[in-house]
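Residue numbers (the numbering used here): -14 to 184.
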């Protein structure tokens, strides 16, 4: 992972140095366009704008650059590029390491990236039919606190209970999940199935 961080920093430096040789678009305008796309949930297009804004920043380490890097990391997270998001947060922590508050925030984000990685590994266990071991791991991460990892772990824990034919437990877990995420059609379908089976 350290090599990935170093590569990101080297690529950013190279891109910024090359950008200094040309008169490109305004970095503020590109950043604003990226934010507009981000707010519309068009993360791929937003990421392109943020990358272009970084190129146009011409090596200036400023609040604007940190802001752009943070948005870029968020775009990668939403696009499912967890390794890229994690590497971006590590690069930000390295660049902004003197700020204790920022460092604590980045450490929290990196912990979330690690938790997401654990959830991805338990998915493979579930697919292999290893429900009990997956459940044991997921119990430590399952939460309805609004985090991606907590939501994923809660849902997958309910799925494991369903697959182990613990329909009452599964219905209870899916029911609590739906209180927090009522628009999840897949969870509602599983809840109704488990509820009828547990009666």
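Think of the CB as a built atom: it goes at the ideal place given N, C-alpha and C, for glycine as much as any other residue.
**Asked** So, is residue 149 buried or exposed, given that buried needs 16 or more other C-beta atoms within 10 angstroms?
**Response** Position 164 of the chain shown, counted from the start, is the residue given in the question as residue 149. It is exposed - the Cβ of residue 149 has fewer than 16 other Cβ atoms within 10 Å.
**Request:** Count the C-beta pairs between the segment 53 to 60 and the segment 16 to 33 that are closer than 8 Å, then say yes if the count reaches three, no if not.
**Result:** Yes, the segment 53 to 60 touches the segment 16 to 33.
**Item:** Span separating the alpha-carbon of residue 76 from that of residue 86
**Value:** As a first step, residue 76 is located in the chain shown; it is residue number 91 there, counting from the start. As a first step, residue 86 is located in the chain shown; it is residue number 101 there, counting from the start. One C-alpha to the other measures close to 16 Å.
**Request:** Jot down the residue ranges of each uninterrupted alpha helix (DSSP H) in the segment 80 to 125, minimum 4 residues, whole runs only, in chain order.
**Result:** Note on the segment 80 to 125: whole alpha helix (DSSP H) runs with a minimum of 4 residues are 85 to 112 and 116 to 123, in chain order.
**Request:** Kindly say whether residue 40, judged by its beta-carbon, lies nearer than 7 Å to any beta-carbon of chain B.
**Result:** Here chain B cannot be found, since the structure has a single protein chain.
**Prompt:** Among the residues of its own chain, which have a CB less than 8 Å from the CB of residue 74, if the five just before and after it don't count?
**Reply:** As a working mapping, residue 74 is identified with position 89 in the chain shown. Spatial neighbours of residue 74 in its own chain (CB-CB distance under 8 Å, excluding positions within 5 residues in sequence) are listed in chain order as 58, 91, 94, 95 and 98.
**Prompt:** Does the beta-carbon of residue 158 have 16 or more other beta-carbons within 10 angstroms, so that it is buried, or is it exposed?
**Reply:** Here residue 158 refers to the residue found at position 173 of the chain shown. Per the 10 Å Cβ criterion, buried.
**Prompt:** Can you tell which of 21, 39, 20 and 121 has its C-alpha closest to the C-alpha of residue 11?
**Reply:** Sequence index remark: in the chain shown, residue 11 carries index 26 (1-based). Ranking the options by Cα distance to residue 11, first place goes to 39.
**Request:** In the DSSP assignment, find the alpha helix (DSSP H) that holds residue 50 and state where it starts and stops.
**Result:** The residue labelled residue 50 in the question sits at position 65 within the chain shown. Residues 48 to 63.
**Request:** State the DSSP-derived secondary structure class of residue 129, mapped to helix, strand or coil.
**Result:** As a first step, residue 129 is located in the chain shown; it is residue number 144 there, counting from the start. In this structure, residue 129 counts as coil in the three-state DSSP scheme.
**Which listed residue (81, 89 and 105) has its alpha carbon closest to that of residue 68** = Within the chain shown, numbered from 1, the residue matching residue 68 stands at position 83. Considering only alpha carbons, the answer is 105.
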